[in-house]
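Count along the sequence shown starting at 1, add 825, and that's the number in my numbering.
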Amino acid sequence: MKSKINFRHLLEDLGDAYTYSKEEAVLVELVANSLDAKCKEIRFEVDLGTSSLTVKDDGEGMSQVDFNSYHDIAASLKLKGSGIGFAGLGAKLGHLITEKVVTETNSDSYRGSSEWKWVGDELEWHEINPSQLNSNGTAVTLFLKPDSKLLDTEFLIQCIQANFGSLLDPFISEIYRWDNIYPRGIALYVNGEKLTRKHPVDQKNIKIREEIEVLVGGKRLGRGVFILAKKPLDEWGIHLTTYGKMIQRVSDLLGPVAKNPECLTVWFEAPQLVSSLTMNKQSFKEDGKEGQEVKKVIRHLQEKLITWLKDIGESREVAKRERVSPTLEREIATVINRLPELRFLYSGHFGQIVARPDTNGEPAALEAGMQLIRGLMPGEGGGDGVPVYPGDQDGEVLNPEKQGPRKAKRSRRTVRFGPRIERVNYPGSEMSWMEGETLLINTVHPTYLKAERKKSLGYHEAFCTFSALCEAAPLEAEEKFPILVRALEAWGAV
826 MKSKINFRHL
836 LEDLGDAYTY
846 SKEEAVLVEL
856 VANSLDAKCK
866 EIRFEVDLGT
876 SSLTVKDDGE
886 GMSQVDFNSY
896 HDIAASLKLK
906 GSGIGFAGLG
916 AKLGHLITEK
926 VVTETNSDSY
936 RGSSEWKWVG
946 DELEWHEINP
956 SQLNSNGTAV
966 TLFLKPDSKL
976 LDTEFLIQCI
986 QANFGSLLDP
996 FISEIYRWDN
1006 IYPRGIALYV
1016 NGEKLTRKHP
1026 VDQKNIKIRE
1036 EIEVLVGGKR
1046 LGRGVFILAK
1056 KPLDEWGIHL
1066 TTYGKMIQRV
1076 SDLLGPVAKN
1086 PECLTVWFEA
1096 PQLVSSLTMN
1106 KQSFKEDGKE
1116 GQEVKKVIRH
1126 LQEKLITWLK
1136 DIGESREVAK
1146 RERVSPTLER
1156 EIATVINRLP
1166 ELRFLYSGHF
1176 GQIVARPDTN
1186 GEPAALEAGM
1196 QLIRGLMPGE
1206 GGGDGVPVYP
1216 GDQDGEVLNP
1226 EKQGPRKAKR
1236 SRRTVRFGPR
1246 IERVNYPGSE
1256 MSWMEGETLL
1266 INTVHPTYLK
1276 AERKKSLGYH
1286 EAFCTFSALC
1296 EAAPLEAEEK
1306 FPILVRALEA
1316 WGAV
């Protein structure tokens, strides 16, 4: 039987989508397909005598319909977002580096095997007698050239650790059980030897390690670990994984917030980001709802990280930190409300009922549920506001520190949503950046100092603000500059 389309050029184009070697791409896709088959173990067997690598799992196996579709690149056995191998490439990429591919599958409804190889520019496959599997699962054997890197067990182990290292971490690997992603756990074997569970950083180099989870509105965005090392790391930064596959390493977020960013690593598993994957599973999409979800996870993870760094005394301290004028914040919020592309963090204006102290009120300690209301207390010449706590009845506010009710009035006020903007003295190359939902402007950056000399700080701070917002927004790279221009034009008209 022949495949329905010409494979060679199409597979070469697909192979070019990966930035790492074709051997590593093939291995990643084979593991991804095994994981999606709900296996509990994956075995890698190298046979130097036949120059072959077999990847065998104990998953569900394929039905006869799925097995036939498996040989057609135009068909995908999975829906996007249903697993890490949504594109269904698997062994198909293997034809870029093999003489032939033998696949055997065993499921509750079907048992079959095939031999698949090139005939000119066409791929042909025919059924053969199954011989490897005695229970459910799938085994894919790649017959390689003798000098193929996939015959090197050290290369296999390095690729597995680099791409699926979270499956070997003692804490992160348990996440997949708890969240019912891989409820039976995953065991990995190379030539019969089980890969040991290990931390992503050598135990002797770990100074502080903390397991974390990020919750937003009661919903879990993900779980992972923060690790501060004693010595600089080769792979430092924030490692984002989904379904056990390491997708993206982000390092530029750590410089402005950590004293020793090169000694800091974060491994964070966010299962919902599987829907935001690019085809090659090496990065996440940056635009649309999928890109917005990625930005959301990174933003809240960074907030958690900043708090942790402060708690352990490893946050970068700045010599000066002050808030910009309320006027600029109001103008920025107005522009954001007019540009949908920049509303990824903030909403528009809305009205709500809030409690307002009367002339006899006194400030109370800020407790959960309180809201800081800008205004002046009697006899005071200034201040940011008064924390108040709404009571059960109109006109009453409960005082959490004293006995009895505290009188207050209720009124409707407009709440403006927009970024908090602060100036910081940071000895780095960044002009401006987002720290959680706060936007920071570097006052020792050469452009800031020049704007200060030229008495054009208002424009410069607006430019810094919109530049950081556009950089953080879930936009395609070519869309960011036009949005920046539109934002500055809108700001000029406010």
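In this text, a Cβ means the ideal position worked out from N, Cα and C, and glycines have one as well.
Span separating the alpha-carbon of S934 from that of S888: 6 Å
Coil, strand or helix - E1192 by DSSP: Low per-residue confidence applies at E1192: pLDDT is 39, beneath 50, and the placement is therefore not dependable, though the value from the model is reported in the following sentence. Looking at E1192 - three-state DSSP - the assignment turns out to be coil, as it is neither helix nor strand.
Distance, C1295 Cα to I1308 Cα: 7 Å
Simplified DSSP assignment, three categories, for R1009: coil
Beta-carbon proximity check, R1002 vs K865, cutoff 8 Å: no
Beta-carbon spacing of F996, T923 below 8 Å: Taking 8 Å as the cut-off, the beta carbon of F996 is found no closer than this to the beta carbon of T923.
Which of helix, strand or coil DSSP assigns to F989: helix
Chain C within 8 Å of E1094, Cβ atoms only: You won't find chain C in this structure, because it holds only one protein chain.
Same chain, Cβ closer than 7 Å to A1012, neighbours up to 5 away in sequence not counted: K865, E866, K1019
Spatial distance of N959 from G990 (CA atoms): 29 Å
Straight-line gap, R1278 to G1138 (C-alpha atoms, nearest Å): 35 Å
Cβ pair count under 8 Å reaching 3, the stretch 1064-1080 against the stretch 1096-1110: yes
Test item: CB-CB of G1058 and E1087 under 8 Å: One point to set straight first is that residue 1058 is Leu, not Gly, in the sequence displayed. Yes.
Inter-residue spacing [alpha-carbon to alpha-carbon] between A1298 and G1317: 21 Å
Buried versus exposed, by CB contacts within 10 Å (16 or more), K881: Buried is the call here.
Simplified DSSP assignment, three categories, for E999: helix
Separation of R1168 from G919, as counted between CA atoms: 43 Å
Element boundaries [beta strand (DSSP E), containing I909]: Premise fails: I909 is in no beta strand (DSSP E) and is neither H nor E.
Extent of the continuous alpha helix (DSSP H) run through W1133: 1113-1136
Spatial distance of V851 from I909 (CA atoms): 14 Å
First through last residue of the beta strand (DSSP E) which encompasses Q1097: That residue, Q1097, is in no beta strand (DSSP E); it is neither H nor E in DSSP.
Pair within 8 Å by beta-carbon distance, V1082 and A1054: no
For Y1068, the three-state DSSP class (helix, strand or coil): coil
Backbone CA spacing between K1305 and L1130 [nearest angstrom]: About 27 Å.
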